[in-house]
Structures are given as structure tokens and as C-alpha cells.
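To start, the structure under review is shown below, and the notes come after it.
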Amino acid sequence: MNFELIAATMTDGYGIVADNHGEVYLVKPPFGFYGKYHLSYEQIEPTIAQFGFTRLGETYPSWDAVFERLRQIAWQARREVGDTNTTISDEDKKAFFRSIPAGFLVGTVEKLESYLTKGDFYSVVLMGEALLENKNLIKKEILYAQVKAAIEKAKDKRQELISSRFSNLKPENADKKRQFTLDIQ
Amino acid sequence: MAVFTGFAVKSSLDAKMYYSGRDQHDLVLSKILKVGAYLNAYEQFADAAQREVHFSKFKNERTVFDGTFTEGQKFKYLNFNNGQLGIPAFGDFTLAFPLSHFQADKLVFVKYNSLIRKETGSTQCLYFTENNESVLLETLEKDLSTLAECRKLIVLKQKEDLGSGTDIDHNLLVLRPFANGSKHRDYVEAIVWQPINIKNGVRLRSEKERFEALIDEITNPRVKLGAEVKNITELLTLINRYENDELLATELI
Chain A
13 MNFELIAATM TDGYGIVADN HGEVYLVKPP FGFYGKYHLS YEQIEPTIAQ FGFTRLGETY
73 PSWDAVFERL RQIAWQARRE VGDTNTTISD EDKKAFFRSI PAGFLVGTVE KLESYLTKGD
133 FYSVVLMGEA LLENKNLIKK EILYAQVKAA IEKAKDKRQE LISSRFSNLK PENADKKRQF
193 TLDIQ
Chain B
16 MAVFTGFAVK SSLDAKMYYS GRDQHDLVLS KILKVGAYLN AYEQFADAAQ REVHFSKFKN
76 ERTVFDGTFT EGQKFKYLNF NNGQLGIPAF GDFTLAFPLS HFQADKLVFV KYNSLIRKET
136 GSTQCLYFTE NNESVLLETL EKDLSTLAEC RKLIVLKQKE DLGSGTDIDH NLLVLRPFAN
196 GSKHRDYVEA IVWQPINIKN GVRLRSEKER FEALIDEITN PRVKLGAEVK NITELLTLIN
256 RYENDELLAT ELI
């Protein structure tokens, strides 16, 4: 029952892992529920070569132990670089919302609804759609429905906003040379 | 009883951004969850030099204190939080252990924390002889209690407040997290010399406003955050694992 950590990126803890059935996966932080992609055998070598993986060939007794090792690599790397990595991608944000524990969800959904009230529709959609993939939220019917409703409302409002901006627009009168820029939240 | 961990988050007190708690360097809570137990410095580091880094500015006092007692190297320091949140200065999350997890004969309460300074600005510790050379046992002894006598100790600690006849919040007799901004660290300390494992009954608490402030920072960042968000996401993923196994419960207060 061995898992082989074939290779890892030493900068952010992505790993190529063969499980105990010989299936190979690309795994990435934060591990656990998301981010496990099946790799065919032909993909292993090109992936290692192209994406800066370091060959490790270490064996571990379980997925947890493999993740542990990769977390260690990632933490170590981030500590070494200090705060130089200071950008949050939308994917980082989504990973955060997918990982919120059960007991913190009521407060999280309240926060989501407050963004709706404030008119921050972009955040509602991004945060809401990630929350719908949160395994803990799926178990809570009422909260799940609240999140779905908030997303729909945010999308409707956004649509209304776009429509209202165009309500006075008559293409036949438009100045062909003028450029329109839309600023949609 | 609680241990703490922290991340960059906006303070609900003055809306400024703080790298709160020790986790900016140490990932305290992450470490505890990775091993499933709260280990002290001796259990974490075999090497004395590494322990000194861990003890940081209290390295001499902590070494003297632990060295004074037979079981000193097994000591784990917690604060008695009476079902409350914990001390915000120490971080954004409180890991709270129920008293039922502890053996009464391996637990002692201290009126103030064991390394508390005699007064603000001084380096002289209350429970130490001059220049913090050794532990002042007579003074310390008077401020200790067993689990059975813990309530009396708390009352003694705040007898002035009780005497004034004002309406008393009994939680504040134990721990005054909000009295003096984020730096307030007055608490009843618990010293334990038994293993402390994460098991059923443990609660992981965060202040609701603070957790929501963290969501704000992540959704619409005003300061540069990168690694912190990844660290906290991985921490939350670890927490999920314990929560799914019913070894701990999370709550916002």
C-alpha cells in the first residue's frame, strides 16, 4: 500500500503522485477535496520537464502523508521567499472559500449577503460560486439555497445595470468614432 | 483553555491591518493540526538552540522556569478562557480544550501568566527573583490553585472589582481580551503536564467580526497578501479534516 511522490515543484508544492493502484495524479495545494488531476503515463515525463518539477521518488503510506510532505515543501518555500509573493489570484480566493469549515459558514453567508446589499456583485458571484463547491455547504440545505439565491440576484442586478447603461443608446445616432468603455462591478 | 494562531487580518478595533499572532512566523495552529497534538518546545525541538528561537525574548525566563520543576520539560502553557474567545493579540483562531480533557493531578492554575512582568516596561518578572535569576517560589505558590480551587483564585484575582459593587462580567475576571486593545494579555494561566491531543470536544473558535474582516481582505484586498492566503486555505483544509472526523467543531462567536 505505497504511494510514490514521483516529483514535486519545490516552489509551490505541486506533486506528481502514483497511488497504490498505479494511477498517477497531479495534485496541488490546498489538497484534500480539490485539485487532483489524473495523468496518463505519457504525460508524466513532459509534465516534469515543462513545469519545473524536481524528481523525488519518495514513498509514503497514504495520501495524507503525501500531502503532508507537499505542504511542508510549499510552506518552506513560502517562508524562504518571505512576502515577495503578494498577489492573490481569483483561484486563490476560490480555494479559500471552498475550504471554509462548517462552523464558519453561517457568518460567511451573512458576509456574502452583505456584498449583495452593498452592490459588490462581482464578489458575490466569485465567492458564491466557490462556496457552492464547498463540501460543507452542500450538507446545509438552507445555507446552500441562500448562496444560490444571492448569486442569481447578483447576476440579475448586474444584467439590469448593463441594460440601464444601454437604455439610451440608439445605434443609429451613435458616434462611430467614439469608444465606449463599460465599467461594470 | 486555549492556544492561538494568527494571520494577517484587519483589526475590528481600529480597522488597521495587523499581522496578528505568532503564525506570521511559526504557523502555530497548522503545526498542532499537522501532528494532532499540542507539543511544547522540548517535544518539538531536540536542539536547545531551536528552542531558544522558539522562546524568543523570553528564552532565559522560560528556561529558568521550566528547569525549576521536575516535570518542567513536560509543561504546556495555556490560558483559561472560561468558554470565551481567547486573546486577540495572540491570533485569529482559538483552539479551546474542554476541562474534561485534563487530569486534575497534572494541571495547575496561575493567577497571572507565569512570565508576567512586575509592571509595564519592566523586564523583572513577578514570579522571579531579582534579574529573573530563579523562580520566587513563595510568591508563585500563593498564586497557584488546583482545578477544585480555581474559582476562588479567580475571585482573588479581581477582588478589587468585586469590592466596588459594580456589575461584574465574570468572564472578565478570568481573561480581559478587550480591555486594553489588542495588546492585553492578562489571563489566568493553566500549566499542564500531560499530552494534549486534538480529540472529540475540542473547539476552534474565531471572532465573527474578525473572520468576516478576513473575508473582506481576501475578497477585496487593500494590502498585499499572497502566501498568507495560501497558508490559511491550507490551514482551513486541515481543519476540515478534523471537523469531518468529528475531532473538533468550529464556531464563530
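Same order as they appear, the protein sequences are chains A and B. Here the first sequence is numbered in our numbering, starting from 13 and rising by one per residue. Here the second sequence is numbered in our numbering, starting from 16 and rising by one per residue. Quick reminder that beta carbons are idealized off the backbone N, C-alpha and C, glycines included.
Sequence-distant Cβ neighbours of residue 159 (chain A) in its own chain, meaning closer than 8 angstroms and more than five residues away, are 121, 124, 140, 143, 144, 149. In terms of CA proximity to residue 44 (chain B), B:246 leads the group B:246, B:60, B:206, B:259. Within chain A, the residues placing a beta-carbon under 8 angstroms from that of residue 236 (chain B) are 100, ordered along the chain. For residue 92 (chain B), the closest C-alpha among the options B:226, B:266, B:117, B:214 is that of B:117. Around residue 261 (chain B), the same chain offers 215 as residues with beta carbons nearer than 7 angstroms, after the five sequence neighbours per side are excluded. Ranked by Cα distance from residue 79 (chain A), the first of A:53, A:43, A:119, A:16 is A:43.
Here the alpha carbon of residue 168 (chain B) sits roughly 7 angstroms from the alpha carbon of residue 158 (chain B). With its beta carbon less than 8 angstroms from one in chain B, residue 41 (chain A) belongs to the interface. Secondary structure within the segment 44 to 105 of chain B: the alpha helix (DSSP H) runs of 4 or more consecutive residues, fully enclosed, are 56 to 59, 63 to 70, 74 to 83 (chain order).
The segment 47 to 83 of chain A is shown to contain whole alpha helix (DSSP H) runs of 4 or more residues at 53 to 62, in chain order.
Contact of residue 221 (chain B) with chain A by beta-carbon distance below 8 angstroms involves 116. A straight-line Cα-Cα distance of about 29 angstroms links residue 30 (chain A) and residue 113 (chain A).
Going by C-alpha positions, residue 72 (chain A) is about 13 angstroms away from residue 27 (chain A). Counting along the chain, no beta strand (DSSP E) covers residue 166 (chain B); the unbroken alpha helix (DSSP H) around it starts and ends at 165 to 172. The segment 65 to 80 of chain B and the segment 141 to 152 of chain B touch, with no fewer than 3 CB-CB distances between them shorter than 8 angstroms. Contact between residue 162 (chain B) and residue 110 (chain B) is ruled out by a C-beta separation of about 20 angstroms, above the 8 angstroms threshold. As computed with DSSP, residue 257 (chain B) is found in no beta bridge at all.
With its beta carbon less than 8 angstroms from one in chain B, residue 113 (chain A) belongs to the interface. Chain-order list of chain B residues neighbouring residue 105 (chain A): 233, 234, 244, by C-beta distance under 8 angstroms. Chain-ordered, the chain A residues with CB closer than 7 angstroms to the CB of residue 226 (chain B) read 116, 119.
The DSSP-derived three-state label of residue 136 (chain B) is coil. Residue 150 (chain B) is bridged by DSSP to B:143.
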